[in-house]
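For the sequence shown, position 8 matches number 8 in UniProt numbering, and the numbering has no gaps at all.
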Amino acid sequence: MTTTTATSAPVAHFDFHALFRPVLTVLRFTGHFVVALVGVIFLGSASEH
């Protein structure tokens with residue numbers, strides 16, 4: 001029983017890390033996309049004035 005808990009704990013930790021890395025990549029990509037979008041909106045509003 002204790003062995004099962006000890007075995008599943010690192011697996012859960014590794015699974016969390018494996019899931020967290022793509023999320024971090026998506027957030028980084030989304031951040032760049034938002035910055036580009038805000039830049040386009042800012043340039044568009046600046047050219048209007």
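Built from N, CA and C at the ideal position, the CB exists for glycine as well.
Which value, in whole angstroms, describes the spacing of the CA atoms of residue i and residue j?
i: Val23; j: Ser45; result: 32 Å
i: Phe20; j: Arg28; result: 12 Å
i: Val34; j: Ser47; result: 20 Å
i: His32; j: Phe16; result: 24 Å
i: Leu43; j: Ala18; result: 38 Å
i: Val26; j: Val38; result: 18 Å
i: Thr30; j: Ile41; result: 16 Å
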